[in-house]
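Protein chains in written order, with the numbering used here: chain X, 1138 to 1775; chain H, 4 to 249.
Glycine included, every Cβ here is placed at the ideal spot set by N, Cα and C.
If you're wondering where the values come from, they're calculated on a predicted model, not measured in any experiment.
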Amino acid sequence: MTLVLDSQVPTGSIQDAWDNHRFNVRLVNPSNKRRFKIIVVGTGLAGASAAATLAELGYEVTVFTFHDTPRRAHSIAAQGGINAAKDYRNDGDSIFRLFYDTIKGGDFRSREANVYRLAQVSNEIIDQATAQGVPFAREYGGLLDNRSFGGAQVSRTFYARGQTGQQLLLGAYQAMMRQVAAGKVKLHTRTEMLDVVVHEGQARGVVVRNLLTGEISSHSAHAVVLATGGYSNAFYLSTNAKASNATAIWRAHKRGAAFANPCFTQIHPTCIPPSDETQSKLTLMSESLRNDGRIWVPLKPGDDRPPNAIPEDERDYFLERRYPAFGNLVPRDVASRAAKAMVDANRGVGPRRNGVYLDFADAISRLGMDVIRSRYGNLFQMYERITGEDPYEVPMRIYPAPHYTMGGLWVDYALMTTVPGLYAIGEANFSDHGANRLGASALMQGLADGYFILPITIGDYLAPLLGTTPLDPGHEAFASAEAEVREWIRHFLELDGEHSVDWFHRELGKILWEACGMARNGPALQQAMGEIAALHERFRSGVRVLGDDETLNQSLEKAGRVDDFFEVAQLMCRDALHREESCGGHFREEHQTPDGEALRDDDNFAYVAAWEYTGGEPILHKEPLSFQYVRPSQRSYA
Amino acid sequence: MRLTLRIWRQAGPDAPGDFETYDVDGISEEMSFLELLDVLNERLIGEGREPIAFDSDCREGICGSCGLMIDGQAHGPQRGTATCQLHMRRFNDGDVVTVEPFRSAGFPLVKDLVVDRSAFDRIIEAGGYISAPTGSAPDANLIPVPKDDADRAMDAAACIACGACVAACPNGAGQLFTAAKLAHLNLLPQGQPERSMRTRAMVEEMERYFGSCTNHRECEAACPKEISIDFIAMLHRDYRKARRDS
């Protein structure tokens, strides 16, 4: 198979591209939509909103989630907010500014036309969510409130306390459940997708496993949509939910979908530092805390005094010092690297010296305890639960942690992967955030893809298929995919290995975090690739999975996911190694300015790196990026 | 810290179940309760014994996956806290701790500490939504919502559908869950057109799975989001009104 990257960006000005595309796509007549079956995998913001909208349009939709209910998808944990270019605050925002900020924030590694479209539909998302009853924060006059959020100089973020993701997800989930009641969505919970079936060059369906009974079954459709999120859990410790995994996109990759920019991962600056080896995941403290908290470390290395005993002139407010214009609100990648530099210089704080302070003392004396409590009460409480320390009295300790992956399956303007009929939406695709995502933009992108983009673009693929029936699930293509899945399960259950799945996952995470975390360099990446391959080998022959395949077996589920994480990690390192520049979240130590800032190489690396799976050495394909509306510049937040 | 754990083990829905006792040593107070189970599971796997099945995902108190009865209390001894946010500093060296699933007729047992809470999905499916097909919405600021109403709606909408309310209730009632969703939608202007229909449908669906409320208030005490039973009063009011109007 020869893989061709054709972005299908419509002609015409960037402002007209989406309109032109919508006018030019082939349409499916409303009464014919019920003749098409679409499979949606994943029920986060992107999946649930897509399933609801496709069903409302009239398509027959089948939805799979490995959760016990669609509402548990990890979108639920997003705290801070969702951006839109409403300009309700009259502070100079516009669609173009949101577009500009997103391109710049992404360090000029995303596709202009996609990002402009994202900014265009952002306003409709707020309207849609409000109509569904999402309880966004309001002013006393009854109108919607906004706040500024990580790295933006306008107030364009809508929020529902510290639970914006939860409320938006419930809106999408409820819209989808309305379609379940209407019989237009068939919902399969506790069912995990284990393969995509591609036949004669087109996606035909999926093979899934019922997690309660172990039953393997095949499901066919005219198109398949993956909305299965990102791969931060390759690092083991991340802010992602425990079960978040890359299996769906990785197995799609093995069936021909190119994987784009795998090394573009986001390390979020405000997480609670790990306390010990048994730590199972990391907890994010909303970025909104940086609006009022001041970040500092002691000036003197190894200073063990408690924070309140360190006088003002012996503290280093390093973000305010290095970036006076943005201060504590610099973009995530910049803030994370600065914190790492402090900890590496032995100026970290806390019992393990693995954090920096986020201090609210000034804000409390300026605004009063009540204001701080009303803004951040639930976050302070959460912090207190986890650490046993009261942030009203003692500064919080924070440290960066893997949080989001900008990389993902390569998609064209229609959100279709390199496999015809296979789409990827939300965090599962690579599309809009370039090398770094701005705060409050993940919810925006997930819902833009699911509510407003995919439901339009998919018609263009389906229209010519009118009158065709999906491949018979008994077809040889399905049977052989099922057989592979069964063989894999048999293999893992028959091993009597040395260590648990979690043990291997933790070891993998350590290697990946060291070599492919916040700072990367060539020799370390090369060494990590060797170590990952060796550990993977040991895993395949030496993991211990107990139990059977006929009842709930959580170790077996994890074994499959970790097996894939090994390969994802390998590709992340390979991509990081090949990208001999620093951009956004990808920081190569060999490529930095004298001040230690990321140094891009637009002459040689202004492209999307899309990797083709071969079973051996993957093949690199390049989609060149051209910038006609925003001229690439060195990002400066000083 | 050293604890003795009595944990409910049951191989499947129809298999007999019983408590098994495990001594766990070297527990740090920084660990969460679920991390304690992780450590125990690692040990069991090492010994060739099947690990304990339990649900969890986000581990930051928002997804609603986790939920254990700890010494007879849903989500354990700390108010307003889901099991995943409960840390071992709440326990003392030498404690004997009993861990059970969220038992209720409405939540059939799946395995060990895992139960089936899909009845909640059925209640939402019955009417827990505002019909607003994608694309049809007016500008968001066209519908002003008084701040107090929006805030109260948010108080109710904070429900994470963990099922602690049902597990804590001596009647196995699903009122607090249902009332929270009804209040969220019924308090908002956008929710008015379907208010009666929604209330009847959701309450009647709820009654297919869950018991009746007799005001024990155990649900409110167990709720990790501290949702008030005032919303149950609102449910009753709305339901009577809906019956009368139809």
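Quick one: grab the DSSP three-state call for residue i.
{"i": "Ile1353 of chain X", "result": "strand"}
{"i": "Val1467 of chain X", "result": "coil"}
{"i": "Gly1753 of chain X", "result": "coil"}
{"i": "Ala1397 of chain X", "result": "strand"}
{"i": "Thr1653 of chain X", "result": "Looking at the sequence itself, residue 1653 of chain X is Cys, so the reference to Thr does not match. Cys1653 of chain X: helix per DSSP, three-state reduction."}
{"i": "Ser1369 of chain X", "result": "helix"}
{"i": "Arg211 of chain H", "result": "helix"}
{"i": "Cys168 of chain H", "result": "helix"}
{"i": "Gln1145 of chain X", "result": "coil"}
{"i": "Tyr1560 of chain X", "result": "strand"}
{"i": "Thr7 of chain H", "result": "strand"}
{"i": "His1728 of chain X", "result": "coil"}
{"i": "His1723 of chain X", "result": "strand"}
{"i": "Ile1447 of chain X", "result": "coil"}
{"i": "Trp1640 of chain X", "result": "helix"}
{"i": "Gln1216 of chain X", "result": "coil"}
{"i": "Lys1647 of chain X", "result": "helix"}
When you compare each of the options to residue i by their alpha carbons, which one comes out closest?
{"i": "Arg1796 of chain X", "options": "X:Thr1751, X:Phe1589, X:Leu1693, X:Phe1203", "result": "Outside the shown range of chain X (1138 to 1775) lies residue 1796 of chain X, about which nothing can therefore be said."}
{"i": "Ser1355 of chain X", "options": "X:Val1333, X:Thr1365, X:Phe1372, X:Ser1369", "result": "X:Val1333"}
{"i": "Pro104 of chain H", "options": "H:Ile10, H:Cys216, H:Ile146", "result": "H:Ile10"}
{"i": "Phe1286 of chain X", "options": "X:Ala1266, X:Phe1295, X:Gly1279, X:Gly1278", "result": "X:Phe1295"}
{"i": "Pro1488 of chain X", "options": "X:Ser1412, X:Met1519, X:Gly1545, X:Glu1424", "result": "X:Ser1412"}
{"i": "Ser1678 of chain X", "options": "X:Leu1632, X:His1723, X:Val1638, X:Lys1695", "result": "X:Leu1632"}
{"i": "Val1434 of chain X", "options": "X:Ser1425, X:Pro1444, X:Leu1426, X:Phe1703", "result": "X:Pro1444"}
{"i": "Lys1818 of chain X", "options": "X:Pro1272, X:Asp1244, X:Ile1523", "result": "Here chain X covers residues 1138 to 1775 and nothing more, so residue 1818 of chain X does not appear."}
{"i": "Lys1170 of chain X", "options": "X:Leu1495, X:Asp1282, X:Leu1255, X:Gly1596", "result": "X:Gly1596"}
{"i": "Pro16 of chain H", "options": "H:Ala153, H:Met72, H:Gly64, H:Asp119", "result": "H:Asp119"}
{"i": "Val1344 of chain X", "options": "X:Gly1338, X:His1359, X:Glu1337, X:Thr1328", "result": "X:Thr1328"}
{"i": "Trp1387 of chain X", "options": "X:Arg1431, X:Asn1658, X:Val1699, X:Glu1619", "result": "X:Val1699"}
{"i": "Cys165 of chain H", "options": "H:Ala186, H:Ala122, H:Thr137, H:Asp152", "result": "H:Ala122"}
{"i": "Gly1733 of chain X", "options": "X:Thr1751, X:Ala1478, X:Ala1577", "result": "X:Ala1478"}
{"i": "Ala1498 of chain X", "options": "X:Leu1559, X:Leu1426, X:Leu1307, X:Arg1657", "result": "X:Leu1426"}
{"i": "Asp98 of chain H", "options": "H:Asp154, H:Thr24, H:Asp248, H:Ala225", "result": "H:Thr24"}
What does residue i pair with, by DSSP beta-bridge criteria?
{"i": "Ala1360 of chain X", "result": "X:Ile1175"}
{"i": "Cys1408 of chain X", "result": "X:Leu1421, X:Tyr1536"}
{"i": "Glu1631 of chain X", "result": "In DSSP, Glu1631 of chain X forms no bridge with anything."}
{"i": "Thr1542 of chain X", "result": "X:Thr1402"}
{"i": "Phe110 of chain H", "result": "H:Ser107"}
{"i": "Arg1275 of chain X", "result": "X:Leu1281"}
{"i": "Ala1312 of chain X", "result": "DSSP, once it has assigned bridges, lists no residue as partnering Ala1312 of chain X."}
{"i": "Arg1431 of chain X", "result": "X:Asp1496"}
{"i": "Gln13 of chain H", "result": "H:Gly20"}
Give the interface partners of residue i over in chain X, defined as CB-CB distance under 7 angstroms, in chain order.
{"i": "Gly79 of chain H", "result": "What Gly79 of chain H touches in chain X: nothing, since even the nearest Cβ is about 12 angstroms away."}
{"i": "Tyr25 of chain H", "result": "Neighbours of Tyr25 of chain H on chain X: none; closest Cβ ~16 angstroms, over 7 angstroms."}
{"i": "Lys114 of chain H", "result": "Thr1688, Leu1689"}
Please list, in chain order, the chain H residues whose beta carbon lies closer than 7 angstroms to that of residue i.
{"i": "Thr1326 of chain X", "result": "Ser121"}
{"i": "Glu1276 of chain X", "result": "Lys150"}
{"i": "Asp1264 of chain X", "result": "Ala140, Pro141, Asp142, Ala143"}
{"i": "Ala1364 of chain X", "result": "Chain H residues near Ala1364 of chain X: none, gap ~15 angstroms exceeds 7 angstroms."}
{"i": "Ala1214 of chain X", "result": "Cys61, Glu63, Ile65, Cys66"}
{"i": "Lys1418 of chain X", "result": "Arg62"}
Report all residues from its chain with a CB closer than 6 angstroms to the CB of residue i; omit the five preceding and five following residues, and keep chain order.
{"i": "Tyr1368 of chain X", "result": "Ala1383, Thr1542, Val1705"}
{"i": "Tyr1310 of chain X", "result": "Ala1185, Pro1207, Arg1208"}
{"i": "Asp1738 of chain X", "result": "Glu1718"}
{"i": "Ser1568 of chain X", "result": "Asn1251, Val1548"}
Report the neighbours of residue i on chain X: residues whose CB is nearer than 9 angstroms to its CB, in chain order.
{"i": "Asn95 of chain H", "result": "Going along chain X, no residue has its Cβ under 9 angstroms from Asn95 of chain H, so there is no contact; the nearest lies around 15 angstroms."}
{"i": "Gly166 of chain H", "result": "Neighbours of Gly166 of chain H on chain X: none; closest Cβ ~10 angstroms, over 9 angstroms."}
{"i": "Val42 of chain H", "result": "Thr1415"}
So with CB distances below 8 angstroms, who are the chain H contacts of residue i?
{"i": "Glu1193 of chain X", "result": "Pro136, Thr137"}
{"i": "His1211 of chain X", "result": "Asp60, Cys61, Cys66"}
Take residue i and list the residues in its own chain whose beta-carbon comes closer than 8 angstroms to its own, dropping the five residues that flank it on each side.
{"i": "Ala1214 of chain X", "result": "Gly1302, Gln1303, Thr1376, Ala1378, Leu1421"}
{"i": "Arg1623 of chain X", "result": "Ile1353"}
Which residues in the same chain have their Cβ closer than 7 angstroms to the Cβ of residue i, if we skip the five residues on either side of it in sequence?
{"i": "Met209 of chain H", "result": "Ile126, Gly177, Thr181"}
{"i": "Leu1689 of chain X", "result": "Leu1348, Leu1349"}
{"i": "Val1322 of chain X", "result": "Ala1188, Ala1192, Val1198, Val1200, Met1313, Gln1316"}
Give the interface partners of residue i over in chain H, defined as CB-CB distance under 9 angstroms, in chain order.
{"i": "Ile1523 of chain X", "result": "Glu33, Ser35, Glu63, Gln88, His90"}
{"i": "Tyr1529 of chain X", "result": "Those do not exist, as Tyr1529 of chain X stays about 17 angstroms from chain H at its closest Cβ, beyond 9 angstroms."}
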